[in-house]
Amino acid sequence: MEEFDLEPLGYHQAMKINDSERWISAMKEELNSLHQNQTWVLVKKPGSQKVVGCKWIYKKKHGLPRTKVNYKARLVAKGFTQREGIDTMRFSHLLSSTPLLEFYYHL
Numbered sequence: 001m002e003e004f005d006l007e008p009l010g011y012h013q014a015m016k017i018n019d020s021e022r023w024i025s026a027m028k029e030e031l032n033s034l035h036q037n038q039t040w041v042l043v044k045k046p047g048s049q050k051v052v053g054c055k056w057i058y059k060k061k062h063g064l065p066r067t068k069v070n071y072k073a074r075l076v077a078k079g080f081t082q083r084e085g086i087d088t089m090r091f092s093h094l095l096s097s098t099p100l101l102e103f104y105y106h107l
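Have a look at this one:
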């Protein structure tokens, strides 16, 4: 596989390759989509709970031969670090089937 066909395995790798500007654009599109769909809210971090990290996943979507390649970036939670009942609280969002993510920040 040639270098231009490879998909980055993480953020730092995406920023070091020649088409980093296209990956930045894809990440901005993903964040705008999450914001427009009200998928997350910014809240203060509860002192006793562990923050679940996130990771960028990068994919190049190839259409028909000789057509433009679409760059897609998805922000996914690292849910495998959670401990049920300790780091998580179960809740259901009554108005939407879209999962609600909470992004914590430190003061």
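Residues 1 to 107 (the UniProt record's numbering) make up the sequence shown, in order. Where is the CB? At the ideal position from N, CA and C, for every residue including glycine.
{"Check": "Segment limits, alpha helix (DSSP H) that includes L31", "Outcome": "20-36"}
{"Check": "Local conformation of K44 per DSSP, three classes", "Outcome": "strand"}
{"Check": "Whole-angstrom C-beta distance between I57 and V76, which should lie under 8 Å", "Outcome": "6 Å"}
{"Check": "Beta strand (DSSP E) segment containing K50, residue limits", "Outcome": "Note, K50: premise wrong, no beta strand (DSSP E); not H, not E."}
{"Check": "Reduced DSSP secondary structure (H/G/I, E/B, other) of K61", "Outcome": "strand"}
{"Check": "Outcome for P65 when other beta-carbon atoms lying within 10 angstroms are tallied against a minimum of 16", "Outcome": "exposed"}
{"Check": "Sequence-distant residues of its chain with Cβ nearer than 7 Å to C54 (five each side left out)", "Outcome": "L75, V76, A77, K78"}
{"Check": "DSSP bridge partner residues for V69 (one or two, in chain order)", "Outcome": "BP columns for V69 are empty, so no partner."}
{"Check": "Cut-off 6 Å between Cβ atoms - residues of its own chain near P8, not counting five sequence neighbours on either side", "Outcome": "A14, Y58"}
{"Check": "Where the alpha helix (DSSP H) through K16 begins and ends", "Outcome": "11-16"}
{"Check": "Span separating the alpha-carbon of K45 from that of N18", "Outcome": "37 Å"}
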